[in-house]
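Accompanying notes for the structure given below.
There are 2 protein chains.
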Amino acid sequence: MSVTLTRDRRAERYAATRREILDAAWELVRAEGLAALAMRNLGARVGMRAQSLYVYFPSKYAIYDAMFGESNVELLRHITALPPTADPVEGMRLRSKTFLDFCVEDPVRYQLLFQRTIPGFEPSPETYEPALRLLEESRAALRACGITSARAFDAWIALTAGLAAQQNSNEPGGDRWVRLAAELSDMYFEHYRPATSRRET
Amino acid sequence: MSVTLTRDRRAERYAATRREILDAAWELVRAEGLAALAMRNLGARVGMRAQSLYVYFPSKYAIYDAMFGESNVELLRHITALPPTADPVEGMRLRSKTFLDFCVEDPVRYQLLFQRTIPGFEPSPETYEPALRLLEESRAALRACGITSARAFDAWIALTAGLAAQQNSNEPGGDRWVRLAAELSDMYFEHYRPATSRRET
DNA sequence: GTCTATATTTGGATAGAC
DNA sequence: GTCTATCCAAATATAGAC
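The listed protein sequences derive, respectively, from chains A and B. Going by the UniProt record's numbering, the first sequence opens with residue 1, and the numbers climb by one from there. Going by the UniProt record's numbering, the second sequence opens with residue 1, and the numbers climb by one from there.
Laid out in structure tokens, this is it:
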């Protein structure tokens with residue numbers, strides 16, 4: 001006779017070990033770069049042989065994919081957690097600042113999310129999904145500012161992403177480009193915002 | 001008794017082979033990605049064993065460095081070859097278009113020049129020098145438009161580089177972002193150009 | 001669930017014959 | 001200047017004992 005248990009201790013243990021491996025992987029890539037993720041090194045960090053990791057992840061790419069996925073979820077969470085603002089343009093300023101902080105805070109995570117630099121790695125549709133949601137959500141937020149054209153949307157993304165790219169590739173950890181965000185945001189809305197939907201100041 | 005010759009046939013042959021190796025390296029990375037440059041593969045493409053390549057380049061990084069250097073020289077040449085324009089702002093538009101075309105034309109070259117993606121590779125000061133020259137030259141061109149602040153300069157670079165980055169990472173070979181260049185350039189000058197130095201239209 | 005052992009591949013680089 | 005012969009190191013992954 002089998003009894004139904006309310007907890008699966010084995011599954012809990014398994015999940016905890018997976019988590020531990022992912023944490024170690026983040027530590028490793030932050031210390032030595034994305035490309036330095038190697039099963040041996042990773043195993044050493046969690047006190048295992050490389051081979052044992054295959055119990056938890058079917059391949060190295062599966063580890064990258066899990067990291068990609070949780071980063072994307074985290075970013076989406078950061079953005080959707082922002083408090084509502086009375087002025088939608090002020091909201092966009094806040095969003096871009098939040099996005100840039102997120103990118104600068106962890107350059108390796110940025111590289112994993114936004115630069116396709118690991119040979120052979122492509123995120124799975126499931127882990128990529130939050131990125132699409134974020135993009136959609138951004139489009140809506142910009143629409144609330146009265147900006148609807150696809151070109152204008154692309155321009156906003158390019159502006160914001162451009163700052164992050166410059167910052168991380170030229171002065172990781174600094175703020176030389178990031179601090180231009182508010183100014184460029186103003187410039188953007190001065191140019192793109194239809195006169196009718198602007199507030200009087 | 002030794003005679004002074006006007007040509008060094010051996011040196012010419014050597015230089016030609018080096019050139020041939022570099023050409024093959026470009027072909028290889030364009031076909032299989034920057035990270036796929038391996039001495040064995042490269043050797044195969046020029047009809048040599050990998051070991052023989054060491055006669056021409058002391059290491060794999062030396063090959064990357066040579067490629068980096070010649071790309072930088074080429075970019076500088078593209079920009080400095082631009083015809084002078086009566087309107088300096090028109091000149092900047094032309095420069096950014098030329099820059100973007102250069103970046104989009106060859107995404108792998110772009111990656112080598114502007115994204116530090118090869119583990120362990122850092123360009124030598126000699127091959128990096130043209131990049132500094134170009135930056136200095138760009139600063140001067142922007143100054144001719146009446147724009148002198150360091151912040152404004154950084155903003156220009158971020159704007160242009162942002163377009164290139166978006167284009168190459170999201171739609172290599174396309175023009176979805178690149179075609180925004182003129183519009184963003186206008187937006188930039190509307191915002192940053194001091195009123196006194198603007199032309200009447 | 002972790003281990004030992006091992007297969008397999010790949011890649012950078014050197015020594016020395018020709 | 002190109003080759004053969006090697007070396008060495010690193011890395012992914014599988015099989016099977018415990």
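In this text, a Cβ means the ideal position worked out from N, Cα and C, and glycines have one as well.
Next on the checklist: Please report the straight-line C-alpha distance between A:D101 and A:A161, rounded to a whole angstrom.
Outcome noted: 12 Å
Item to check | Where A:P119 meets chain B, residues with beta-carbon distance less than 8 Å | outcome: G33, A35, A36
Checklist entry - Using a Cβ-Cβ distance under 7 Å, would B:W177 count as near chain A? => result yes
Checklist entry - Quick one: is A:R143 buried, meaning 16 or more other Cβ sit within 10 Å of its Cβ, or exposed? => result exposed
Next on the checklist: At the 7 Å Cβ level, is A:W191 part of the contact set with chain B, yes or no?
Outcome noted: With the sequence shown as reference, residue 191 of chain A is identified as His, and Trp is not the correct amino acid for it. Closer than 7 Å: yes.
Next on the checklist: I want to know whether the stretch 152 to 167 of chain A touches the stretch 176 to 191 of chain B - three or more CB-CB distances under 8 Å.
Outcome noted: yes
Checklist entry - With 16 as the cutoff for other CB atoms within 10 Å, does B:E200 come out buried or exposed? => result Residue placement at B:E200 is flagged as unreliable, the pLDDT there being 48, under the threshold of 50; a coordinate-derived value is accordingly withheld.
Checklist entry - So, does the CB of A:A161 fall closer than 7 Å to a CB anywhere in chain B? => result yes
Item to check | Proximal residues to B:A25 (C-beta, below 7 Å), its chain only, five neighbours per side dropped | outcome: L37, L42, I63, M67
Checklist entry - When you compare each of A:C145, A:A150, A:L113, A:E136 to B:S169 by their alpha carbons, which one comes out closest? => result Selected option, being the one with the closest Cα: A:L113.
Checklist entry - What residues from the stretch 102 to 119 of chain B come within 9 Å of chain A, judged by C-beta to C-beta, listed N to C? => result Within the stretch 102 to 119 of chain B, the residues whose Cβ lies closer than 9 Å to some Cβ of chain A are Q111, F114, Q115, R116, T117, I118, P119, listed in chain order.
Checklist entry - What is the DSSP secondary structure of B:V29, reduced to helix, strand or coil? => result helix
Next on the checklist: Quick check on this structure: which residue in A:Q111, A:H78, A:T6 has the alpha carbon closest to the alpha carbon of A:K97?
Outcome noted: A:H78
Checklist entry - Is B:A37 helix, strand or coil by DSSP? => result One detail in the question is off: residue 37 of chain B reads as Leu in this sequence, not Ala. Coil, per DSSP.
Next on the checklist: Could you tell me the alpha carbon to alpha carbon distance between A:L53 and B:R139, rounded to whole angstroms?
Outcome noted: 52 Å
Item to check | Rounded straight-line distance, which links the Cα of B:R49 to that of A:E137 | outcome: 54 Å
Checklist entry - Leaving out five residues before and five after A:Y61 in sequence, what residues of the same chain have Cβ atoms less than 8 Å from its Cβ? => result G120, F121
Item to check | Sequence-distant residues of the same chain with beta carbon closer than 8 Å to B:E171, five excluded per side | outcome: By the criterion of a C-beta distance shorter than 8 Å, B:E171 is surrounded in its chain by W177, once the five residues flanking it on both sides are discounted.
Checklist entry - Which ranges does the alpha helix (DSSP H) cover as unbroken runs of at least 4 residues, wholly within the UniProt DNA-binding region "H-T-H motif" (38 to 57) of chain B, from first to last along the chain? => result Listed in chain order, the complete alpha helix (DSSP H) runs (minimum 4 residues) inside the UniProt DNA-binding region "H-T-H motif" (38 to 57) of chain B are 39 to 46.
Checklist entry - For A:L94 versus A:P130, is the C-beta spacing smaller than 7 Å? => result no
Checklist entry - Would you report the Cα separation of A:Y14 and A:G173, rounded to the nearest angstrom? => result 35 Å
Next on the checklist: Assuming contact is defined by CB atoms lying nearer than 7 Å, are A:M187 and B:H191 in contact in what I supplied?
Outcome noted: yes
Next on the checklist: Could you tell me the alpha carbon to alpha carbon distance between A:M39 and B:D65, rounded to whole angstroms?
Outcome noted: 30 Å
Item to check | 6 Å Cβ shell around A:Y110 - same chain, five flanking residues per side excluded | outcome: C103, N168
Checklist entry - Along the chain, where does the alpha helix (DSSP H) that runs through B:L180 open and close? => result Here B:L180 belongs to no alpha helix (DSSP H), and DSSP marks it neither H nor E.
Checklist entry - Looking at A:P88 and A:C145, is the spacing between their C-beta atoms short of 7 Å? => result yes
Checklist entry - If you drop the 5 nearest sequence neighbours on each side, which residues of the same chain put their C-beta closer than 6 Å to that of B:I147? => result Excluding residues within five positions, the ones whose Cβ falls inside 6 Å are Y192.
Checklist entry - What does A:L184 touch in chain B if you count any residue whose Cβ is under 7 Å from its own? => result A155
Checklist entry - Are the Cβ atoms of B:T6 and B:G69 separated by less than 7 Å? => result no
Checklist entry - If we call anything under 7 Å between Cβ atoms a contact, is A:L163 one with B:A150? => result no
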